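Here is the structure we will look at, set down as structure tokens.
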Amino acid sequence: MFDQVFAKVKELAESYATPYTSIANGAMPTENGLAMYPGPGYQTEQYLDRGAEYSASIVLNGKHSNLKTLLTALSSIHTGLTRMTDYPKTDDWQILSIETSTSPNYIGREESGSRQWLYGSILTVRFYIKGV
Numbered sequence: 024m025f026d027q028v029f030a031k032v033k034e035l036a037e038s039y040a041t042p043y044t045s046i047a048n049g050a051m052p053t054e055n056g057l058a059m060y061p062g063p064g065y066q067t068e069q070y071l072d073r074g075a076e077y078s079a080s081i082v083l084n085g086k087h088s089n090l091k092t093l094l095t096a097l098s099s100i101h102t103g104l105t106r107m108t109d110y111p112k113t114d115d116w117q118i119l120s121i122e123t124s125t126s127p128n129y130i131g132r133e134e135s136g137s138r139q140w141l142y143g144s145i146l147t148v149r150f151y152i153k154g155v
């Protein structure tokens with residue numbers, strides 16, 4: 024179910040990613056692209072029904088030749104996800120909150136070709152997985 028939660032967060036992020044149309048899986052985005060991957064997480068609560076609450080990191084990295092385009096998209100994703108008031112749920116799991124752990128920050132700049140700016144950020148997703 025962890026994969027389903029990650030896929031849903033990625034889908035939600037793509038809805039705020041304009042002008043980007045998709046987000047790749049992985050750490051390093053392609054030229055003028057975005058990429059996400061699930062980072063470490065931990066269980067925060069265990070319940071008598073064997074259900075549990077979790078907190079997990081999702082890393083969001085972006086690369087673009089135009090710094091304003093990149094920062095606007097990353098900011099829009101973080102703002103959109105953290106301001107949501109109704110999070111997705113299924114019969115098996117429910118997202119409780121999405122928060123910014125690390126705001127978009129400078130990682131580097133490619134020196135060759137189109138001189139892509141590279142920025143990274145981290146989201147924290149709290150979610151509940153139902154017990155049996």
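Residue numbers (our numbering): 24 to 155.
Idealized CB from N, CA, C, for every residue including glycine.
All of these numbers come straight from a predicted model, not from anything done at the bench.
Residue state for E68 is assigned as strand, using DSSP reduced to three classes.
If one requires a minimum length of 4 residues, the alpha helix (DSSP H) runs lying completely within the segment 55 to 109 are 90 to 105, in chain order.
Taking S137 as the centre and dropping the five residues before and after it, the same chain places the C-beta of S88 closer than 6 Å to its C-beta, in chain order. Ranked by Cα distance from L119, the first of Y151, V155, Y43 and R132 is Y151. Boundaries of the alpha helix (DSSP H) harbouring E34: F25 to S38, taken from the DSSP string. With contacts defined as CB atoms closer than 7 Å, Y142 and I100 fail to qualify as a contacting pair.
R149: member of the beta strand (DSSP E) spanning W140 to I152, first to last residue.
Bridge pairing for Y129: Y142 [DSSP]. Contact annotation: the segment 46 to 60 does not touch the segment 109 to 117, with fewer than three C-beta pairs closer than 8 Å. Burial state of P42 is exposed, judged by a 10 Å Cβ sphere holding fewer than 16 other Cβ atoms.
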